[in-house]
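Please read the structure below before turning to the comments.
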Amino acid sequence: MSSAEHRSEQLADLPLLPRDIDGPVFEEPWQAQAFAIVAELVESGKITRQEWADTLGKVLKTAEEQGEYDTGHRYYDHWLLALENIVIDKNLTDHPELIREKEEIKENDHHRRDQQLRDEQ
Amino acid sequence: MSEDKVSRREFLSKSTMAASTVVAGSSTAKDHAQEDGHHEHEQSDYALRTKALVAVLTRKNLVNPASMDAVVDLYETKIGPHIGARMVARSWVDENYRQRLLEDARAVAREDNLTGIEGTDLVAVENTSEVHNLVVCTLCSCYPWPLLGLPPTWYKDAAYRAQSVIDPRGVLKKFGLALDDEIEVRVWDSTAEVRYLVIPERPLGSEGMSVEQLEKLVTRDSMVGAEILNSSSAGEEA
Chain A
2 MSSAEHRSEQ
12 LADLPLLPRD
22 IDGPVFEEPW
32 QAQAFAIVAE
42 LVESGKITRQ
52 EWADTLGKVL
62 KTAEEQGEYD
72 TGHRYYDHWL
82 LALENIVIDK
92 NLTDHPELIR
102 EKEEIKENDH
112 HRRDQQLRDE
122 Q
Chain B
3 MSEDKVSRRE
13 FLSKSTMAAS
23 TVVAGSSTAK
33 DHAQEDGHHE
43 HEQSDYALRT
53 KALVAVLTRK
63 NLVNPASMDA
73 VVDLYETKIG
83 PHIGARMVAR
93 SWVDENYRQR
103 LLEDARAVAR
113 EDNLTGIEGT
123 DLVAVENTSE
133 VHNLVVCTLC
143 SCYPWPLLGL
153 PPTWYKDAAY
163 RAQSVIDPRG
173 VLKKFGLALD
183 DEIEVRVWDS
193 TAEVRYLVIP
203 ERPLGSEGMS
213 VEQLEKLVTR
223 DSMVGAEILN
233 SSSAGEEA
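Heads up: the sequence lines are chains A and B, in that order.
End of the first sequence = 122 in this note's numbering, gap-free, step of one.
End of the second sequence = 240 in this note's numbering, gap-free, step of one.
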């Protein structure tokens, strides 16, 4: 078993995780990426598997209370939120830093697009 | 179709030794890209948030992008590329289907009840003995994942994204494709609005095969234009 397989196996038995006989399934690339981040953090011991299960469980529970519970289509929406929560709880980053980074990525995208258009003119 | 149908944004670069006029592009692609121009490359909030996490955690050495890619790569075949491969294989044996695919791949995909293409145009381009198509996303990693699954790591690589536009022949050479100078190379820049599917040439030695057999010959890379299918990939002696 490769180390990548090992890392994903650690998470593959989480309850409700969308999967088929070969393992987790994803609907969009970012979902696989978000899955991989958690796999990586668990592997390196930055968070434990139990901590992850608890954090994700809490998010799913809140979603359920708000009537947004969905383990199919929106499973990874919840996953991403739980991931943001846990890295903030663990002081690995904070909310402003994540927001800043996101805005920067968006901004860069626009710049590059504008630049590309200018280059073509 | 005439040259003025080609949107420069999509048809970013062409390198050709042939003197003939370049005729390419899809009016559909152009129209859609312009219609929704302000949406181009706009990534979903989920994708942006995920990228922000990757960037922040990588900067702090909390995660390793390479090993995360290894996990993602495990699943790159989970969605596709069998769906794209099926379309390509069918286009080799069914000329009518091929024409429809080239005219409006999105409509064909919709007929096949393909999900994940909502709000995205899909354009099929064919490789021939005269033209080789290569797909890139110069900005990020827009990719026809509903057809091809998750993009390979090299597709997201900054060097590929930049070089494939500047020197597509050089990039193709690195992939092991030495194209004759007479073959025109067209590079298609994907956006969030328009995704491209390359229909590779049917490999030699695949005569008489069924669609199901042909489907197995179609690789992911060949549908991005990074591989040419030959008789050896048909599992036969050359």
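We treat Cβ as the ideally placed atom computed from N, Cα and C, and that holds for glycine.
Predicted model only: the values in this text are computed from it and were never measured.
- Assigned with DSSP and collapsed to three states, Ala91(B) falls in helix.
- Cα atoms of Val90(B) and Arg101(A): separation of roughly 43 Å, rounded to the nearest angstrom.
- The shortest C-alpha to C-alpha distance from Val189(B) to any of Ala180(B), Val167(B), Lys176(B) and Arg204(B) is the one to Val167(B).
- The alpha-carbon of Trp156(B) is positioned some 10 Å away from that of Val138(B).
- Secondary structure of Pro25(A) (DSSP, three-state): strand.
- Per DSSP, Asp55(A) lies in no beta strand (DSSP E); the unbroken alpha helix (DSSP H) holding it starts and ends at Arg50 to Glu66.
- By alpha-carbon distance to Ala107(B), the top candidate from Phe177(B), Arg197(B), Thr130(B) and Arg51(B) is Arg197(B).
- By the CB criterion at 7 Å, Arg163(B) and Thr140(B) fall inside the cutoff.
- In the three-state reduction of the DSSP assignment, Arg197(B) falls in the strand class, which pools E and B.
- Interface criterion not met: the Cβ of Arg50(A) is under 7 Å from no Cβ in chain B.
- Under the 10 Å beta carbon count, Ser4(A) is surrounded by fewer than 16 other beta carbons and is classified as exposed.
- The continuous alpha helix (DSSP H) containing Glu44(A) extends over residues Pro30 to Glu44.
- Note on geometry: alpha-carbon atoms of Glu104(A) and Gln101(B) lie some 43 Å from one another.
- In this structure, the beta-carbon distance from Val60(A) to Leu82(A) falls below 7 Å.
- Close to Ile87(A), with beta-carbon spacing below 8 Å, lies no residue of chain B; the smallest spacing is near 11 Å.
- The stretch 55 to 75 of chain B and the stretch 172 to 180 of chain B do not touch, with fewer than 3 CB-CB distances between them shorter than 8 Å.
- Taking 7 Å as the threshold, the shortest C-beta distance from Trp147(B) to chain A falls below it.
- Under the DSSP definition of a beta bridge, His134(B) partners with Val187(B).
- Between the alpha carbons of Val200(B) and Arg112(B) lies a distance of about 18 Å.
- For the set Gly227(B), Met211(B) and Thr60(B), the Cα lying nearest the Cα of Tyr145(B) is the one of Gly227(B).
- For Gln67(A), not one C-beta of chain B is nearer than 7 Å to its own C-beta.
- Remark: C-beta atoms of Ala33(A) and Val74(B) approach each other more closely than 7 Å.
- Taking the Cβ atoms as the reference, Pro202(B) lies roughly 7 Å from Ile230(B), within the contact range of under 8 Å.
- A residue is called buried once 16 or more other Cβ atoms fall within 10 Å of its Cβ, and His112(A), having fewer, is exposed.
- Beta-bridge annotation (DSSP): Glu105(B) is not paired with any residue.
- Distances from the alpha-carbon of Trp94(B) to those of Asp223(B), Ser208(B) and Arg222(B) put Ser208(B) closest.
- Taking 7 Å as the cut-off, the Cβ atoms of Ala72(B) and Leu103(B) do not count as close.
- For a Cβ distance threshold of 9 Å, residue set Gln45, Ser46, Tyr48, Ala49, Leu50, Arg51, Thr52 and Lys53 of chain B lies close to Trp31(A), ordered along the chain.
- The shortest CA-to-CA distance from Val213(B) to any of His84(B), Leu59(B) and Ala49(B) is the one to His84(B).
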